[in-house]
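Single-structure report; data block below.
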Amino acid sequence: MKLYLENPKDSTRKLLEVINEFGKDTGYKINTQKLTAFLYTNNERAEREIRDAILFTITSKRIKYLGVNLPKETKDLYSENYKTLMKEIKDDTNRWKDIPST
């Protein structure tokens, strides 16, 4: 699941309540140790306060979601995913050329 939160210091608390309620209703348990977030702020003091207030792991580079690397900056989506995927496809097709088939 991917979410965007404004005012994470306060809204994270409410989000965790909703997640816990969802778990009670469905029988699913969300592993809060695996929650990862990007933090977009230019205020160092605010960033420190948010890091202390939320349980999420804050990452600065990328989050892997459904096999796709989501970089913090959308301009890096191409280089993070397309180039490596194209290389894998080329390597696979080159390897498959030598496999005899009928």
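Numbering (the working numbering), first residue to last: 37 to 138. A virtual CB, placed ideally from N, CA and C, is assigned to each residue, including glycine.
Straight-line measurement puts the Cα of I125 at about 10 Å from the Cα of R131. By the 16-neighbour rule on beta-carbons within 10 angstroms, I135 is exposed. Taken atom to atom, the span from the alpha-carbon of Y101 to that of K133 is near 31 Å. When C-alpha distances from P44 are compared across I66, E57, T62, E83, the shortest belongs to E83. Under the three-state reduction of DSSP, L71 is assigned to coil, being neither helix nor strand.
Shortest Cα-Cα distance from A73 to any of G63, T93, G103 involves T93.
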